Structures are given as structure tokens and as C-alpha cells.
Amino acid sequence: MLRRTLLLGLGRGPLGRGLGTHRGGSILDRDGKMSEIKKKIRSILPGGDWNPLYDTSYLPPESSDVVIVGGGVLGLSVAYWLKKLEKPRGAIRVLVVERDHTYSRASTVLSVGGIRQQFSVPENVQLSLFSIDFLRNINEYLAVADDPPLDIQFNPSGYLLLASEKGAAIMENNVKVQRQEGAKVCLMSPEQLRNKFPWINTEGVALASYGMEHEGWFDPWCLLQGLRRKVQSMGVLFCRGEVTRFVSSSNLMKTASGEEVNLKRIHEVHVKIDQSLEYQPVECAIVINAAGAWSGQVAELAGIGKGPPGTLQGTKLPVELRKRYVYLWHCPQGPGLETPFVIDPSGTYFRREGLGHNYLGGCSPTEEEEPDPGNLEVDHDFFQDRVWPPLAQRVPAFETLKVRSAWAGYYDYNTFDQNGVPLLLGREGPGAQHHLSLAGRAGRLQAVRPRPTESVGGRDPRTDGPG
Ligand SMILES: Cc1cc2nc3c(=O)[nH]c(=O)nc-3n(C[C@H](O)[C@H](O)[C@H](O)COP(=O)(O)OP(=O)(O)OC[C@H]3O[C@@H](n4cnc5c(N)ncnc54)[C@H](O)[C@@H]3O)c2cc1C
């Protein structure tokens, strides 16, 4: 529809496309100043067709091999690796569709930027070991010629997970898994803990695990911007808009054994253009669902979860948005530079923020306390009632803290087993297994048992929050 309007009403080419939908363009039209400004720019610019007034970069192309829904850290990472591994160079056209270029609600920029190796599932430890190498050598991956080197403010520091008597055995087991996978983690008794971190009250702590390397935190906004700059330099296209619909086609196929299978695939994505009621169809071969906390909703657009109960199509992608608060406080008497990223058996966590005795942290609510995710307002009573008491119990110096600011973000919460989910959309049938497709994974959900939850400090089952 939009494409038709553009082609018929305004003529072909970038000029028509730019003026047809861009609000800035129409304002200039109304004032009748367009040709004047155009002339001025032409006289200033040293030749060539480029003209900043006709920027059409916000419009998606009419087709792309891969469409990535969501331009957060995951969407951009997928774009990066697709381009990095493509052969020959330029073989794959990749489009990232992001509806909010300010990232005002994206989890990536509202997170606390922690990276740990201390998980209970080997795959997560491996993912994290790979990621830490990426972060520590960020300019080997994300450098862009003629641009200054990227600084993601990486702060190396171990995570310190504390376990109660009840969680100690789980913690020991987890550490065994982590060491088998190559992570350097040590177990500490309460006495060792007191010797190393004298500001900790070890009451109720039976065991602790401490990451000796490859853990810490960084600035997620810098990482996001660095990834964006890099993938743009690699030829990835960006579009400001919202994916609102998938168009699929079905083919009846026969397997080698003669069984008839309906092979359904997405061949078109509808992108609603920012600040417009119109959409642009984009033909594609593959769709990646990187919509974070909204990926359950995006999966539903593809029909996942909408079929009859008990069938593949009737199985929802179990990802929901959960609202989480982060509080930033100041405490001159608080622990110093050696403060690790502490996670208490109660689920309360904190880490140092900068060098001026500032800290940030929070706690996941219980299932009954889950706040309404309808907005991102902060509940300050939650700090008073649920975060501060365990904090001050664990670090007595925090009795005197003063909260300076706070924010809320959406956590991408997998209600099934709290682990990551493969991101590809749009294939069913025999090919699905080869593609780790979302539909395939969701289809197996009923058959498989949840993987162990990523319990923190032996605490089960709430594990969301930092890292
Ligand atoms: C308070 C908090 C603290 C956290 N701390 C940590 C931590 O310390 N360490 C850690 O590893 N993780 C942490 N996390 C989790 C981590 O932030 C997320 O898992 C991660 O950022 C998810 O990245 P993403 O790219 O999938 O999602 P996002 O960053 O949310 O990006 C998804 C994007 O998709 C876009 N989108 C959605 N639907 C559409 C659509 N239909 N069309 C177009 N665009 C769409 C959204 O606008 C959004 O920008 C934390 C999360 C929170 C909330």
C-alpha cells in the first residue's frame, strides 16, 4: 500500500520516497521553502546526488534476505555475526527493524550490564565465556576504520554468590559444572568470606562462590552503540518501524517416507513506518525474532500459540515482560573498590557504580508481588520494604545509605525454564530441526523437561535480575 502510494503518487526514486512520508519533508513543503533550501544545499555541496534533506534511511528496502525484529543487543549481535560469517562478502542482505530508536524501553539499556560465568547449565557458561572474550577484546570485533576505539567501560570484578544451608549443595554442584566448562570459580566458607570481605555479615550464609576471572560489568548503552556503528559499517540496513504482521505461504510436501507435511514459511514482513499509519511490505527468506521481552508477542504475530491447544501451533513462546526496579544509592561508609557483584540468598543484589561510594542493586519480586508491567514507574516502597532490609542485614554499613535515583526496565522472562530461546521464526515441518527454529523449539516444549533454572546462590527458582 505504502509502496504503491510512493510509486504512483510521488514518482520513483529516493526523492519521492523521502518526501512522501517524512514529516520534516511535508513541513518544508507547506512553507514553500523546499526549492530554495535545495538550491542552497546544491551550491554548498561539492557535487554528487547526496542531499541530507532526502534521507530515506528510515524506510525499509522492498526485500531483504534476513529481517531481524528488534535492534537491541541480541538483534544487533545476530546482524553482526551474519555479516561477519557471510561468504562471499555482501552475500546476505540483513535488515534490522527497530520501533524505538531512543531505546527508551529496551532491556539492554535499562539493565545493570553484568556478565557472570556462574550458571548451572553448561551452554550458558560457554556462551558467557565466549561473550567475555568479545567484551574484553571489543575493538578486535567492533572497531570501525577512522572512528575512535570503542570504550564499553568494562569493569572486571567477580560475582559473589551467597548460599544458605538449603542452597549450598546446589551451589557446589553448579560450581562443578562451571569448572568443567573452563570457568575459574572458587568456593568460600563463611570464615574465608569474612577474611576477604570484612564488611559482609555472614549470618545465614553456609557457602559462597566467587568468580576469579571473566566476570564484571560494563556500560550496555556503549555496547549497543558500538554494535550499531559496526553493523552499519558492514552494510546492515536499519529501519525505524514496527513489525506488525507476517505473511506466510504453505506448501504441501512429501517426506522421504511418503508422509505429507505442510511446510509453512514467512515470506513477507509488514513494517509500520514510524509516525505513520502505513506499512511497507518487505519480502524475506528468514525472520529473526529478537524482540526481547516482546518476543512472545512477535511470535504470536507468526501464529505461534494461536493454534488448537496441544498442537505445535497452540504452544505459546513462553516469554513475558516482567518489570524490574534498579535503585542507585550513595553510602560513604559502604565497601570500597574491591566490592564484587554480590547476590544474596534472598535474591537481593548489588554492585559498585563508579568510584564515589555509589552502588546499584535491586531484588526480583515474588510471583505474588509481580508489578503491573503496564508502565515503567518505580515503586519506591519496594526498596524500603523488600530491598533495603536484606541489604542492611548483609552489609551493616548500608544502614546509612541514601537512595539517589531509580529506574525500571522490562526483563525478558522465560516462564518455562528461564533460559534463552532460539530466535528464528517461520519454518515448520521437516526442515525445522536444521534451523533451531522457534516453532520447532516451542513444539518440543511439551516433550522436554525444563533445563535447570539459573539459580543464584543455590536459590531456586527466581533467577532473573543481574546477568
Ligand atoms: C533491570 C534489568 C537488569 C538486567 N541486568 C542484566 C545483567 O546484569 N546482565 C545481563 O546479562 N542481563 C541483564 N538483564 C537482561 C538483559 O538486559 C536482556 O536479557 C537483554 O538486554 C535482552 O536484549 P534484547 O536485544 O533481546 O532485548 P531489548 O534490548 O529489549 O531489545 C528488543 C528490541 O525490540 C524492539 N521491538 C519489540 N517489538 C518490536 C516490533 N514488533 N517491531 C520492531 N521492534 C520491536 C524493542 O523496541 C526493543 O528495542 C537485565 C534486565 C533488566 C530489566
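For the sequence shown, full-length UniProt numbering begins at 1 and goes up steadily by one. Ideal Cβ positions, reconstructed from N, Cα and C, are used throughout, including at glycine. Given the structure is predicted, the values throughout are model-derived calculations rather than measurements.
State the Cα-Cα distance for the pair residue i and residue j, rounded to the nearest angstrom.
| i | j | result |
| --- | --- | --- |
| L76 | L252 | 34 Å |
| A79 | G90 | 13 Å |
| P389 | W81 | 44 Å |
| Q178 | W199 | 27 Å |
| G429 | I286 | No answer about G429 holds up, because its pLDDT of 41 lies below 50 and its placement is not dependable. |
| N124 | G420 | 9 Å |
| S209 | N139 | 31 Å |
| H214 | L129 | 7 Å |
| L142 | T339 | 29 Å |
| D412 | W294 | 8 Å |
| G356 | Q153 | 16 Å |
| G314 | K306 | 5 Å |
| C239 | E98 | 6 Å |
| G70 | K316 | 19 Å |
| P88 | T348 | 49 Å |
| T202 | A397 | 14 Å |
| S189 | G362 | 25 Å |
| P308 | R245 | 20 Å |
| S64 | S120 | 38 Å |
| V231 | L224 | 11 Å |
| S276 | I68 | 21 Å |
| N375 | R404 | 21 Å |
Indicate, with yes or no, if ligand 1 has a heavy atom lying under 7 Å from the CB of residue i.
| i | result |
| --- | --- |
| S209 | no |
| A293 | yes |
| G70 | yes |
| Y80 | no |
| E213 | no |
| L74 | yes |
| R99 | yes |
| R240 | no |
| D65 | no |
| Y103 | yes |
| D133 | no |
| V205 | no |
| G305 | no |
| Y141 | no |
| A290 | yes |
| S120 | no |
| S157 | no |
Within a Cβ cutoff of 6 Å, which residues of the same chain sit near residue i, ignoring the five residues on either side of it in sequence?
| i | result |
| --- | --- |
| E268 | V247, P281 and E283 |
| L74 | A290 |
| residue 468 | Since the first and last residues shown for the chain are 1 and 467, residue 468 lies out of range. |
| A447 | A caution first: A447 carries a pLDDT of 32, below 50, which makes its placement in the model too unreliable to give a value. |
| S26 | With a pLDDT of only 38 at S26, under the threshold of 50, the placement of this residue in the model should not be trusted; the figure read from the coordinates follows. No residues qualify anywhere along the chain. |
| Y103 | V109 |
| N358 | H330 |
| L162 | V205, A208, D344, P345 and G457 |
Please go through the same chain and pick out, in chain order, the residues whose beta-carbon is closer than 7 Å to the beta-carbon of residue i, but skip the five residues on each side of it.
| i | result |
| --- | --- |
| R228 | L76 |
| Q126 | E181 |
| V236 | A79, K83, V94 and V96 |
| P450 | Because P450 carries a pLDDT of 48, less than 50, the predicted location of this residue cannot be relied on, and the following value inherits that uncertainty. These residues qualify, in order along the chain: F416 and D417. |
| R441 | Because the pLDDT at R441 is just 27, under 50, the model does not fix this residue reliably, and the value given afterwards should be weighed accordingly. Answer for R441: V421 and P422, listed in chain order. |
Report yes if the C-beta distance between residue i and residue j is below 8 Å; otherwise report no.
| i | j | result |
| --- | --- | --- |
| Y410 | R105 | yes |
| G114 | R351 | yes |
| W407 | V378 | yes |
| E320 | G296 | yes |
| P345 | G204 | yes |
| Q118 | N195 | no |
| K184 | M212 | yes |
| N137 | W217 | no |
| A299 | I266 | no |
| V271 | P60 | yes |
| L207 | A168 | yes |
| L401 | G354 | no |
| P220 | S111 | yes |
| P373 | P365 | no |
| G292 | S107 | yes |
| V66 | I288 | yes |
| L391 | L360 | no |
| E165 | L187 | no |
Identify, in the order they occur along the chain, each residue of the same chain with its Cβ nearer than 8 Å to the Cβ of residue i, setting aside the five sequence neighbours on each side.
| i | result |
| --- | --- |
| P148 | none |
| D222 | As written in the sequence, residue 222 is Cys, which differs from the Asp given in the question. For C222, where only same-chain residues beyond five positions count, the Cβ hits under 8 Å are L150, D151, I152 and Q153. |
Could you tell me whether the Cβ of residue i comes closer than 8 Å to any Cβ of chain B?
| i | result |
| --- | --- |
| Y359 | Going by chain labels, chain B is absent from the structure shown, which holds only one protein chain. |
At a cut-off of 7 Å, is residue i close to ligand 2 when judged by its beta-carbon and the heavy atoms of the ligand?
| i | result |
| --- | --- |
| C363 | Ligand 2 is absent from the structure shown, which contains only ligand 1. |
For the region 187-222, which segments carrying the beta strand (DSSP E) assignment without a break, of at least 3 residues, lie completely within its bounds, in sequence order? Entirely contained in the region 187-222, the beta strand (DSSP E) runs reaching 3 residues are, in chain order, 207-211.
For a minimum of 3 consecutive residues, which ranges assigned as the beta strand (DSSP E) are wholly contained in the region 271-356? Qualifying beta strand (DSSP E) stretches, in chain order: 279-289, 319-330, 341-343 and 349-352.
Whole alpha helix (DSSP H) runs in the region 98-134 with 4 or more residues, listed along the chain? Annotation: the region 98-134 contains the following complete segments of the alpha helix (DSSP H) (minimum length 4 residues), in chain order: 107-110.
With a floor of 3 residues, list each beta strand (DSSP E) that falls wholly inside the region 148-176, ordered by position along the chain. Counting only runs of 3 or more, we get 159-163.
What are the complete beta strand (DSSP E) segments, minimum 3 residues, inside the region 350-404? Secondary structure in the region 350-404: the beta strand (DSSP E) runs of 3 residues or longer, each lying completely within the stretch, are 358-362 in chain order.
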